[in-house]
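Engineer: Supplied in structure tokens, the structure appears directly below.
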Amino acid sequence: MAFAMSLSSEKKSRSTIFFPDVVKTDIMNFIKENGELKTLKKGELISKDILLNNFIYLKSGLLFYIKRTNNYTKPKFVNVIIPNRLTDYHLLLEDNCTCCKSIKVARDSEIILIDKSLIKGLIKKDIELFTHFMFDANYFTERQTALAIFLLTSSPEDKLIKFLFDILVALKTAFSSKWLTINLKLTREEIADILHISVIKLDLMLGSLKKKGMLAKEKGVFNINTTLFNELSPCPLGREDAQGCKSNNMSKFKVKNMIEIKSY
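Here this note's numbering is used: the first residue of the sequence shown is 1, the next is one more, and so on.
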């Protein structure tokens, strides 16, 4: 069985589920050329009208993408969005409702809004770019599905270890020393929401890791002993054949297969 620590940097990135993938260069360029830049303050909520009609690209700062559940004991899923990511792809082709979703500005941030009609219009203006966007949307959806299953079926301890690994990968950590620093400050309440657990349970787990010499905290920043990840699977759902959470089902979603173009 392969382990996450043995993956290349690229495959480590593919194995993350807590963070959306970095937006590809061609899509990023299109968004920056055609989008509207906005500056938001910590604590703001992005309006439903914006959510319904636009894709949201995070240029700098931190966002929490919140999805409501029907479980009153665990009323929400929270995705943390770091820079160079889109918050979601769910409005690509349809005007779906956003009643169960909201985006909170976790830190002062800069976002770029891109009207979804411009993306849909690429099917006539730039079919290759539209195809790339469709491919990324499929990958995003699979990743979100994997995250939901993982959060609902894994132990709190496994969720914490996987989150710590994912955040190090998302921050482009080199994994070249025994102790690694997570250069992103999150509160206990924020981490508990992300892991879909209670703050009390999180405190107990963090205390246990500190006693075992796996974790230290200094000036609000976590330092992680890489020994913690030695037995972590490259796939959070235990698929030993996975190439870093890009499952075999995704092999058929190659860009050239997404849309067949016929000339008449």
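All residues carry an ideal CB built from backbone N, CA and C; glycine is no exception.
1. On the three-state DSSP scale, how would you describe GLY61?
2. Taking C-beta to C-beta, are HIS196 and LEU151 nearer than 7 Å?
3. Measure how close the beta-carbons of THR87 and TYR72 come, nearest whole angstrom, since I'm counting them as under 8 Å.
4. Counting pairs of beta carbons, one from the stretch 117-130 and one from the stretch 10-22, are three or more of them closer than 8 Å?
5. Got a sec? Which residues, its chain only, sit under 8 Å from LYS38 by beta carbon, not counting five neighbours each side?
6. Keeping to the same chain, check which residues put their C-beta closer than 6 Å to that of PHE130; ignore five residues upstream and five downstream.
7. With respect to the beta strand (DSSP E) encompassing ILE182, which residues constitute its N-terminal and C-terminal limits?
8. Are the CB atoms of ILE224 and LEU164 nearer to each other than 7 Å?
9. By DSSP, does LYS201 sit in helix, in strand, or in coil?
10. Alpha carbon to alpha carbon, what distance is there between PHE55 and LYS116?
11. Leaving aside the five residues before and after ASN53 along the sequence, list all residues of the same chain whose C-beta is less than 7 Å from its C-beta, in chain order.
12. With distances taken Cα to Cα, identify the nearest neighbour of MET294 among LEU184, ARG85 and ARG68.
13. Taking its Cβ as the centre, do 16 or more other Cβ atoms sit within 10 Å of SER6, making it buried, or is it exposed?
14. What does a CB cutoff of less than 7 Å around SER102 pick up in its chain, not counting 5 residues either side in sequence?
15. Put ALA216 into one of helix, strand or coil per three-state DSSP.
16. Based on DSSP bridge pairs, tell me the residues matched to LYS284.
17. Applying the criterion that 16 or more other CB atoms from any shown protein chain within 10 Å of the CB defines a buried residue, is ALA60 buried or exposed?
18. Would you say LYS41 and ASP108 are within 7 Å of each other, going by their C-beta atoms?
19. Helix, strand or coil for ASP193 per DSSP?
20. Between the Cα of MET214 and the Cα atoms of ARG68, LYS201, GLU190 and TRP179, which residue gives the shortest distance?
21. Taking the C-alpha atoms as reference points, what is the distance between PHE133 and LYS210?
22. With distance defined between alpha-carbon atoms, name the residue in ILE31, LYS48 and VAL78 nearest to GLU189.
23. Taking the alpha-carbon positions, what's the SER47 to ALA4 distance?
Structural biologist: According to the structure shown:
1. Strand at GLY61.
2. yes
3. Contact doesn't hold; Cβ gap of about 25 Å is too wide.
4. no
5. GLU110, ILE111, ILE112 and LEU113
6. LEU122 and ILE123
7. Element bounds for ILE182: 179-182.
8. Their beta carbons are under 7 Å apart, which means ILE224 touches LEU164 by this criterion.
9. helix
10. 6 Å
11. ASP115 and LYS116
12. No answer is possible for residue 294: it lies beyond the span of the chain, which begins at 1 and ends at 264.
13. It counts as exposed.
14. Cβ neighbours of SER102 beyond the five flanking positions: LEU45 and ILE66.
15. strand
16. The structure shown has nothing for residue 284, since the chain only spans 1 to 264.
17. Per the sequence presented here, residue 60 reads as Ser, with Ala not at that position. Exposed is the call here.
18. yes
19. Helix, per DSSP.
20. When the alpha-carbon of MET214 is set against those of ARG68, LYS201, GLU190 and TRP179, the nearest one is in TRP179.
21. 42 Å
22. VAL78
23. 38 Å
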